[in-house]
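**Student:** Below: one structure in structure tokens.
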Amino acid sequence: MTDVYRLISQTQAEYARTIDNDKLEAWPDFFIDACTYRITSAQSHADGLEGGVVFCASKGMLTDRISALREANIFERHSYRHILGAPCILSENGDRVESETAFIVARIMRTGETAVFATGKYLDTYRVGGGKALIENRLVVCDSNRVDTLLVIPL
Amino acid sequence: MTDVYRLISQTQAEYARTIDNDKLEAWPDFFIDACTYRITSAQSHADGLEGGVVFCASKGMLTDRISALREANIFERHSYRHILGAPCILSENGDRVESETAFIVARIMRTGETAVFATGKYLDTYRVGGGKALIENRLVVCDSNRVDTLLVIPL
Amino acid sequence: MTDVYRLISQTQAEYARTIDNDKLEAWPDFFIDACTYRITSAQSHADGLEGGVVFCASKGMLTDRISALREANIFERHSYRHILGAPCILSENGDRVESETAFIVARIMRTGETAVFATGKYLDTYRVGGGKALIENRLVVCDSNRVDTLLVIPL
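Chains as they are written, first to last, in the working numbering: chain A, 723 to 877; chain B, 723 to 877; chain C, 723 to 877.
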């Protein structure tokens, strides 16, 4: 029997590691092809707004997003550090698992200055099978309503 | 056999989620009826002072605390985000488990500004049974001695 | 069979607890005798520089480091709080396990002010046996290049 909690904990840690190690080209591989990836604010989420600041409706769009990000950033960038809480498993239905996971992301400027960049939660649907968990839907709900800068990196 | 480490990890994650999602009315349900809940500072704790800034000696007092908090906050409040470390299991004695868990809490102002609000550790006694872990005693030891503002939300 | 992921998760939590509770004399006991402990910056690490800001090549050097730290700090010091992500297990080879773990460390000044002090990752080799995991090599890669103050406490 798959240990879903463990599997999702480890997948989340790998996900964070991939971004923070700047292996952004590997980021879409955490998702199934027919995925959605959205970033929104807590306020918009509470108001029932579906749009979000970022909306990707397929794995291909995630790949495009990374390509655009690489082209836009000719100069050296800030770096980021994700620290995640343990996932809360909300439901298990066949191979589909819903979870909620808290995150905090620090941003490290090239000058060395470090600050809290974003906090929030991942609302995820995973597809679990063959010892792997792939993201079907990720809704990133940022606690702050100042989400303009969030366009920069994957969360 | 109960996997105590796992059970407490998951309970802590649910506890944090309940607070950060502003489901404060459900917060007392993490405790047994004859519980204690205290908040103190590292300095007071090192000095052996028992009092603490906050002291609740029953689940009923936790419920009262939330009611008071709701009445006091007519206007929209800040939001908070807890990120917890993995628990350290200090002892297991029958259905009673002692653990220590590190936390960091970020506060998100309505303006969008985010900062580290509090750090510290939970010193807990859990009562474990029937696949659940309920808090018998929680002592929240805040690293900072500036604990006045800590009166606001449950930690 | 040893549950390596679990063992390393718990060891990391104990490690952090030992430092944050100022039990620094117990810190070397997380390492084997013939260990290495280094602190470097992400930039130096990316450039392939081996040196690092801190280099200890045995458990004895770790002990010496703590003695020096205790002597240098006659006055009361700041305190620190480590929050760690779940470890990513990179390889398992006999009793040798490599892992990568994200961290964020907050510093609490005596005035009560709290700020993000350091973020980064642990690149570890553990030796696992007898239900314990001891660190053979720990490379602490700090995200920021401002590592001068990092000389103060163990990370």
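The C-beta atom is built at its ideal place from N, Cα and C for all residues, glycine as well.
1) Our contact map puts Ile-825(C) next to Thr-841(C) with C-beta atoms below 8 Å; I'd like the distance itself, whole angstroms only.
2) Can Ile-761(A) and Cys-864(A) be called in contact, C-beta distance under 8 Å?
3) Would you mind listing the beta strand (DSSP E) stretches within the segment 816 to 865 of chain A that are 3+ residues and don't spill past its ends, in chain order?
4) For a cutoff of 8 Å on Cβ pairs, would you count Gly-782(A) as touching chain C?
5) Since I believe Leu-812(B) is in contact with Gln-734(B) (beta carbons under 8 Å), could you give me their beta-carbon distance rounded to a whole number of angstroms?
6) Can you tell me whether DSSP reads Leu-877(C) as helix, strand or coil?
7) Looking at the structure shown, is Arg-799(B) part of a helix, part of a strand, or coil, going by DSSP?
8) Check whether the Cβ of Arg-803(B) lies closer than 8 Å to any Cβ atom in chain C.
9) With 16 other CB atoms within 10 Å as the buried threshold, where does Thr-833(A) fall?
10) Need the endpoints of the alpha helix (DSSP H) that Asp-742(B) sits in, please.
11) Chain B beta carbons: is any one of them nearer than 8 Å to that of Val-862(C)?
12) Run through chain C and tell me which residues come within less than 8 Å of Leu-806(A), C-beta to C-beta.
13) Whose C-beta lies closer than 8 Å to the C-beta of Ala-748(C) among residues of the same chain, with five residues either side of it excluded?
14) Please name the residue in Ala-738(C), Thr-724(C), Ser-866(C), Ser-731(C) whose C-alpha comes closest to that of Lys-843(B).
15) Taking the alpha-carbon positions, what's the Glu-793(C) to Asp-744(A) distance?
16) Using CA atoms only, rank isn't needed, just tell me which of Leu-845(A), Arg-868(A), Asp-725(A) is closest to Asn-878(A).
17) Go ahead and label Leu-861(C) buried or exposed: buried means 16 or more other beta carbons lie within 10 angstroms of its beta carbon, across all protein chains shown.
18) Under three-state DSSP, which class holds Leu-771(B)?
19) Can you give me the start and stop residues for the alpha helix (DSSP H) that Arg-868(A) sits inside?
20) Decide if Asp-801(C) is buried, meaning its Cβ has at least 16 other Cβ atoms within 10 Å, or exposed.
21) Using only the alpha-carbon positions, how far apart do Val-775(B) and Ala-768(B) sit?
22) Please list, in chain order, the chain C residues whose beta carbon lies closer than 8 Å to that of Val-838(A).
23) Locate the alpha helix (DSSP H) running through His-786(C), then write down its first and last residues.
24) As a quick exercise: from Pro-809(C), Glu-772(C), Arg-799(C), Leu-746(C), pick the residue whose alpha carbon is nearest that of Ser-821(C).
25) How would you write the range of the beta strand (DSSP E) that Asp-755(A) sits in, first residue to last?
26) Roughly how many whole angstroms lie between the Cα atoms of Thr-758(B) and Glu-736(C)?
27) Taking 8 Å as the threshold (C-beta atoms), are Val-819(C) and His-804(C) in contact?
28) Assuming contact is defined by CB atoms lying nearer than 8 Å, are Val-726(B) and Val-838(B) in contact in what I supplied?
29) Mark Phe-752(B) as exposed unless 16 or more other C-beta atoms lie within 10 angstroms of its C-beta, in which case mark it buried.
30) Mind checking Asp-786(C): buried by the 16 CB within 10 Å criterion, or exposed?
31) In terms of alpha-carbon separation, which member of Ile-788(C), Glu-814(C), Leu-729(C) lies closest to Leu-877(C)?
32) How about Leu-784(B) and Cys-778(B): do their beta carbons lie closer than 8 Å?
**Tutor:** Well, looking at it:
1) The identity of residue 825(C) in the sequence shown is Phe, whereas the question assumes Ile. Correct: roughly 7 Å between the Cβ atoms.
2) yes
3) 818 to 830, 836 to 851, 854 to 864
4) Gly-782(A) has a beta carbon lying at 8 Å or more from every beta carbon in chain C.
5) Their Cβ separation, rounded to whole angstroms, is 14 Å, which puts Gln-734(B) and Leu-812(B) out of contact at 8 Å.
6) coil
7) Correct three-state label for Arg-799(B): coil.
8) no
9) exposed
10) 726 to 742
11) no
12) Gly-807, Ala-808
13) Taken in chain order, the residues that qualify are Thr-740.
14) Ala-738(C)
15) 40 Å
16) The first residue shown for chain A is 723 and the last is 877, placing residue 878(A) beyond what the model contains.
17) buried
18) Residue state, collapsed to three classes: coil.
19) Run containing Arg-868(A): none; DSSP gives neither H nor E here.
20) The question names Asp, yet the displayed sequence has Ser at residue 801(C). Here Ser-801(C) is buried. Its C-beta has 16 or more other C-beta atoms within 10 Å.
21) 15 Å
22) Val-838
23) Correcting the residue identity first, residue 786(C) is Asp in this sequence and not His. Asp-786(C) -> alpha helix (DSSP H) spans 781 to 794.
24) Pro-809(C)
25) 753 to 763
26) 25 Å
27) no
28) no
29) Phe-752(B) is buried by the Cβ-count criterion.
30) exposed
31) Ile-788(C)
32) In this structure, Leu-784(B) sits near Cys-778(B), with a CB-CB distance shorter than 8 Å.
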